[in-house]
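Okay, structure first, notes after.
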Amino acid sequence: MSDLWTGERVRLRGIEPDDWEAFRALALHTVDARNADVVEPPRSDESFRAWTAERAGRPPNPAAYRLVIETRFEHAFVGAVTVGETDARAGRFRTGIEVTREHRRQGYASEATELVLTYMFAEQRSHKCEVEVYAFNDASLALYRKLGFVEEGRLRQHEFFAGAYHDVVLLGITADEYWAGRARPSLR
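Position 75 (the sequence shown) corresponds to 75 in full-length UniProt numbering; numbering is contiguous.
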């Protein structure tokens, strides 16, 4: 392994000020925004410029971060992956992902998630990763299950949007479950 943040098809990198248009595009689709988090009122271009500029200037924080996913060779913006709600004492963290419409179902989300899991398990000594997925988000549920996440519970009628209450599915994977069948990073 020459670069922990680069896979066969994607590279994870910090947010740059010029990424503002790509993040704005991610927020333009109400359904996509809802699947990733919540629908917010429209924001100005200046708001997106300020947001990316502020994040580009932040020092790295291994406990909470958002990284851009880009294609390895073309350097096209694919989306973003996040880590947060890190509990160092318990060894837990949460992750999430959002991918542009034109890059979905091409393996980018799974590879980006695996890069983050490898970093958190191999470098940060985390023990467990958790995700929350809306029960209607079949694509994300399939992604995490394919990666080895196990359903741990369901928060019934937990979130309200689009005029109704919706369930949230809790999934988790431990470091041992993740490494089963995978090669651990080497020092060479």
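Cβ atoms here follow ideal geometry from the backbone N, Cα and C, with glycine treated the same way.
- In the three-state DSSP reduction, D167 falls in the strand class (E or B).
- Residue range V10 to R13 is occupied by the beta strand (DSSP E) that includes R13.
- Counting C-beta pairs closer than 8 Å gives fewer than three between the stretch 117 to 126 and the stretch 157 to 170, which falls short of the contact rule.
- Taking a contact as a CB-CB distance under 8 Å, the pair T6 and R66 does not count as one, their CB atoms being some 18 Å apart.
- In the structure shown, the three-state DSSP call for D87 is strand.
- Counting along the chain, R145 sits inside the alpha helix (DSSP H) bounded by residues D138 to K146.
- If you look at E151, you'll find it in the beta strand (DSSP E) that goes V150 to F161.
- Under the three-state reduction of DSSP, V39 is assigned to coil, being neither helix nor strand.
- For S140, the number of other beta carbons within 10 angstroms of its own is at least 16, and it is reported as buried.
- According to DSSP, residue pairing for T82 in a beta bridge involves R66 and G96.
- Here V78 is buried, its C-beta having at least 16 other C-beta atoms within 10 Å.
- Judged by their CB atoms, V83 and T100 are not nearer to each other than the 8 Å cut-off.
- Note on geometry: alpha-carbon atoms of D176 and L12 lie some 24 Å from one another.
- Inclusion of V150 and L117 in the CB contact set at 8 Å is not warranted, their separation being larger than that value.
- Excluding residues up to 5 positions away in sequence, W20, F23 and R24 lie with their Cβ nearer than 7 Å to the Cβ of F48 in the same chain.
- Contact annotation: R43 and A33 have beta-carbon atoms that are not nearer than 8 Å.
- Residue state for F77 is assigned as strand, using DSSP reduced to three classes.
- Rounded to whole angstroms, the Cβ separation of H166 and Y134 is 6 Å, and the two are in contact under 8 Å.
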